[in-house]
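In the working numbering, the protein residues as written are -4 to 250. For glycine and all other residues, C-beta sits at the position ideal for the given N, C-alpha and C. Working notes for the structure below.
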Amino acid sequence: MTDFLHNIGWLLDFLDIVLVACLVYRVILLLKGTVSTRFILAFALIIVLSIFSSFAGLRTLSWLSENFLGSFIVILVVVFQHDIRRALVSARRNRLGTEHGQGEVYEVIEELASAAEALAQKKIGALVVLERDMPLSNFIGVGTEIDAKVTSELLSSIFLPYSPIHDGAVIIQKGKLTKAGCFLPLTQNPAVSKALGTRHRAAIGLTEVVDAVVVVVSEETGKISVVVGGRITRDLEPATLRKVLKKLLEPRWLS
């Protein structure tokens, strides 16, 4: 009987170590993908294993899972920091609609769409960021301060190849063109097509962390794209671009 109990104890210890190793491996795999959804799966797995280890007497696994659960609040804040920030900013919105009428908002959209159409016809690359609820200052590299009315002529001149700031992004905040020549964070998502250039990858990277809308004109193909929420909609006609921008901006700018 003593030998039997000894063997059972050894097997439980071995199982404990194997489960801990598997747990660490699976959590790493889960967190390599979309963190927001897979983190929830990882946390649910930890809860199940914590309950199982307590009943089975797996001391190492029980200690690890209990300590993980104790640190859950900190991990939650780190993983969902952008979502929390978005929620806080949404609670204290200072929207364009409080300062500008519907006509002015449509004018910005029309000027931008006209500039995108003209640049696309000439195959001149462009990158235009429209701020919505979340401030962009923490995610934008240093650019040239402008503070001007949004016009098709101004946007087109900024992106002409001989312009010293044509490679960066233009920022539109509260209906005004505030900055140009800005550098945006590039996406690190491995699922993004390698065929996409730097402008498209920058647009995706920025919209993965803020709720901005980004309009991209490809200098290789002359195609117009809109990026929001890390997702890109490509090959838009000018008329479609206007409709998409109105749909994305009206609820935020006019409420």
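Exposed unless 16 or more other CB atoms sit within 10 angstroms - verdict on residue i
i	result
Thr182	buried
Gly131	In the sequence as presented, Gly is not what sits at residue 131; that position holds Leu. Classification for Leu131: buried.
Leu240	buried
Phe50	exposed
Ile46	exposed
Leu179	buried
Met205	Checking the sequence, you will find Val at residue 205 rather than Met. By the 10 Å Cβ count, Val205 comes out buried.
Arg237	buried
Arg87	Its pLDDT being 49, under 50, Arg87 is placed unreliably in this model, and the coordinates cannot settle the point.
Nearest-angstrom Cα separation, counted from residue j out to residue i
i	j	result
Ala175	Val165	4 angstroms
Val43	Val13	16 angstroms
Glu105	Ala186	33 angstroms
Asp230	Lys218	5 angstroms
Leu91	Leu122	Because the pLDDT at Leu91 is just 44, under 50, the model does not fix this residue reliably, and the point stays unresolved.
Arg127	Glu232	23 angstroms
Arg196	Glu203	11 angstroms
Val103	Trp58	58 angstroms
Ser158	Ser152	7 angstroms
Asn184	Val223	15 angstroms
Leu125	Ile167	5 angstroms
Phe134	Ile141	18 angstroms
Met129	Gly170	15 angstroms
Phe154	Ala113	11 angstroms
Ser109	Ala234	10 angstroms
Glu94	Tyr101	The predicted position of Glu94 is uncertain, since its pLDDT is 47 and thus under 50; a value taken from the coordinates is nonetheless stated next. So the two alpha carbons sit approximately 14 angstroms from each other.
Thr228	Arg54	51 angstroms
Lys118	Thr193	16 angstroms
Gly200	Arg226	10 angstroms
Gln116	Pro156	14 angstroms
Glu251	Thr216	No answer is possible for residue 251: it lies beyond the span of the chain, which begins at -4 and ends at 250.
Leu107	Leu40	48 angstroms
Coil, strand or helix - residue i by DSSP
i	result
Leu191	coil
Leu122	strand
Leu149	helix
Ile141	strand
Lys241	helix
Gln183	coil
Val234	For clarity, residue 234 is Ala in the given sequence; the question names Val instead. Note: Ala234 maps to helix in three-state DSSP.
Gly170	coil
Val222	strand
Val100	helix
Val212	strand
Val165	strand
Gly200	helix
Ile46	helix
Ala175	strand
Close Cβ partners of residue i (< 8 angstroms) along its chain, the five nearest in sequence each way excluded
i	result
Val208	Val124, Leu125, Arg127, Thr202, Val221, Val222, Val223, Leu240, Leu243, Leu244
Ala143	Leu149, Lys171, Leu172
Gly138	Ile160, Gly163, Ala164, Ile166, Lys174, Ala175, Gly176, Cys177, Phe178
Gly28	Note that Gly28 has pLDDT 47, beneath the 50 cutoff, so the model's placement of it is unreliable and no number is given.
Beta-carbon contacts of residue i that lie in its chain and below 7 angstroms, excluding the five residues immediately before and after
i	result
Asn89	Here the model assigns Asn89 a pLDDT of 47, short of 50, so the residue's position is not dependable and the matter cannot be decided.
Phe(-1)	The predicted model places Phe(-1) with a pLDDT of 48, which falls under 50 and marks its position as unreliable, so this point remains unresolved.
Leu120	Inspection of the sequence shows that residue 120 is occupied by Gly rather than by Leu. Taken in chain order, the residues that qualify are Phe154, Arg194, Val212, Ser213, Glu214.
Cβ shell of residue i (< 6 angstroms), same chain only, five flanking positions each side left out
i	result
Asp162	none
Ala198	Val209, Val211, Val222
Within-9 angstroms CB hit, residue i to chain E
i	result
Gly224	Among the chains of the structure shown, chain E does not appear; only one protein chain is present.
For the pair the region 188 to 200 and the region 145 to 153, tell me if three or more CB-CB distances fall below 8 angstroms. no
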